[in-house]
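Everything in the sequence shown is counted per full-length UniProt numbering, starting at 1 for the first residue and increasing by one.
Just so it is clear, CB atoms sit at the ideal spot from N, CA and C, and this is done for glycine as well.
All values derive from a computational prediction rather than experimental measurement.
To start, the structure itself, in structure tokens.
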Amino acid sequence: MHSSTRVTLPAAFEVAEIDYLALLIANMLERLIAHNDKIPLLPESLTRFHSRTVPNISVLDYLRRIIKWTKVEKSCLLLTLHYVDQICARIPLFTLSSLTCHRFIISSITVCSKGLCDSFCTNALYARVGGIPVTELNVLEREFLRAIDWRLMCTREVLQEYYINLIRTDSSGRFGLEGAESEVEDSDMESVSSRSASPMDVQVRHRPSFSLLGTREPSSVPGDTATLPTIEQNMAFAALQHSLKKPP
Numbered sequence: 001m002h003s004s005t006r007v008t009l010p011a012a013f014e015v016a017e018i019d020y021l022a023l024l025i026a027n028m029l030e031r032l033i034a035h036n037d038k039i040p041l042l043p044e045s046l047t048r049f050h051s052r053t054v055p056n057i058s059v060l061d062y063l064r065r066i067i068k069w070t071k072v073e074k075s076c077l078l079l080t081l082h083y084v085d086q087i088c089a090r091i092p093l094f095t096l097s098s099l100t101c102h103r104f105i106i107s108s109i110t111v112c113s114k115g116l117c118d119s120f121c122t123n124a125l126y127a128r129v130g131g132i133p134v135t136e137l138n139v140l141e142r143e144f145l146r147a148i149d150w151r152l153m154c155t156r157e158v159l160q161e162y163y164i165n166l167i168r169t170d171s172s173g174r175f176g177l178e179g180a181e182s183e184v185e186d187s188d189m190e191s192v193s194s195r196s197a198s199p200m201d202v203q204v205r206h207r208p209s210f211s212l213l214g215t216r217e218p219s220s221v222p223g224d225t226a227t228l229p230t231i232e233q234n235m236a237f238a239a240l241q242h243s244l245k246k247p248p
């Protein structure tokens, strides 16, 4: 267990401790879940990822359990955020909530590890670690691949932006980036500064796709979520939609 003192993380996600990555990702997802749980669940919004009840394990403990027993790679953890963006952009009714998050995470780790890593586990082990029957994981795996249109790949640059944005938006305030006070890599600093505009300003001007990344210039890289707005924009837009549905 890490202490609550200030932690300076390395500039590159590949050399960061995996437990710190889990802390940052869990913080981001839990904030998104807290917001999305307030949105009424409609019948047309139900998916294979919905559990009947909220799992009795936190997102952080669930990630730590997966890390311990599957030895998941750091890139796969960050790719989970990329897949959230992809699916929410393709399926606007889908929301990551306390009912969908755990199944989404284990499906993402299973698909990503098997598709992109040299070493991975069997579905039987992923299912056991994830706390679901293997037959259910098999179904979720197929559903997940269809939802992301089989686009498993992502550039290292995009994953690095997720990492920088996780540190920038972490609500605990515990984490800082190595060299941020002086000169961090130009690309990282540009990605942070390009996301400094007010989220609500963007929401009012455009109906956004959903993203845990900040807005960037359009990219020609297949599967790159280059023009998607931030998690804060996602939350602001959902709140605006909810308020517009209320009777006067």
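Check: Based on the DSSP secondary-structure assignment, which residues constitute the bridge partners of Thr-122?
Finding: Answer by DSSP bridge pairing: none, since Thr-122 is not bridged.
Check: So, do the segment 53–73 and the segment 105–120 have three or more beta carbon pairs nearer to each other than 8 Å?
Finding: With the cut-off at 8 Å, the segment 53–73 and the segment 105–120 touch.
Next item on the list: Just mark Glu-17 as buried or exposed, buried being the case when its beta carbon has 16 or more other beta carbons within 10 Å.
Entry: Classification of Glu-17: exposed, given that the 10 Å Cβ count is below 16.
Next item on the list: Look at the Cβ atom of Ile-148, then the Cβ atom of Leu-9, and state whether they are nearer than 8 Å.
Entry: Contact flag unset, no.
Next item on the list: Output the boundary residues of the alpha helix (DSSP H) element that contains Phe-144.
Entry: From DSSP, the alpha helix (DSSP H) with Phe-144 extends over 134–147.
Item checked: Nearest-angstrom Cα separation, counted from Ala-11 out to Gly-179 -> Each residue's Cα considered, the two are about 7 Å apart.
Check: Between Pro-133, Leu-116, Lys-68, which lies nearest to Thr-155 when the distance is taken from Cα to Cα?
Finding: Nearest C-alpha to Thr-155: Leu-116.
Next item on the list: Measure the C-alpha to C-alpha separation of Leu-81 and Met-153 and round it to an integer number of angstroms.
Entry: Taking C-alpha positions only, Leu-81 is separated from Met-153 by approximately 13 Å.
Notebook entry, point to check: Under the three-state reduction of DSSP, which class applies to Thr-80: helix, strand or coil?
Noted result: In the structure shown, Thr-80 sits in a helix (DSSP, three-state: H, G or I).
Next item on the list: Let me know the secondary structure DSSP gives Thr-8 once reduced to three states.
Entry: Note: Thr-8 maps to strand in three-state DSSP.
Check: Near Ile-87, what residues of its chain come up, given a Cβ to Cβ distance below 7 Å and the 5 sequence neighbours on each side ignored?
Finding: Contacts found: Phe-94, Ala-147, Ile-148.
Next item on the list: Under 7 Å Cβ to Cβ from Ile-91, same chain only, skipping five residues before and after it: list those, please.
Entry: Sequence-distant Cβ neighbours of Ile-91 in its own chain, meaning closer than 7 Å and more than five residues away, are Ala-147.
Checklist line | Inter-residue spacing [alpha-carbon to alpha-carbon] between Leu-21 and Asn-165 | finding: Distance between the alpha carbons of Leu-21 and Asn-165 is about 12 Å.
Next item on the list: Would you tell me roughly how many angstroms separate the C-alpha atoms of Leu-77 and Tyr-163, rounded to the nearest one?
Entry: Cα to Cα, the separation comes out at about 10 Å.
Check: What are the boundary residues of the beta strand (DSSP E) that includes Leu-93?
Finding: That residue, Leu-93, is in no beta strand (DSSP E); it is neither H nor E in DSSP.
Notebook entry, point to check: How many Å lie between Thr-135 and Glu-141 at the Cα?
Noted result: Taking C-alpha positions only, Thr-135 is separated from Glu-141 by approximately 10 Å.
Next item on the list: Please go through the same chain and pick out, in chain order, the residues whose beta-carbon is closer than 7 Å to the beta-carbon of Arg-6, but skip the five residues on each side of it.
Entry: Closer than 7 Å at the Cβ level, and outside the excluded window around Arg-6, lie Arg-174, Gly-176.
Next item on the list: Under the assumption that Thr-100 contacts Thr-47 (Cβ atoms under 8 Å), give the Cβ distance between them as a whole number of angstroms.
Entry: Under the criterion of beta carbons closer than 8 Å, Thr-100 and Thr-47 qualify as touching, at roughly 7 Å.
Check: Nearest to Val-129 by CA position, among Arg-65, Leu-145, Leu-23, His-50, is which residue?
Finding: Comparing Cα-Cα distances from Val-129 to each of Arg-65, Leu-145, Leu-23, His-50, the minimum goes to Arg-65.
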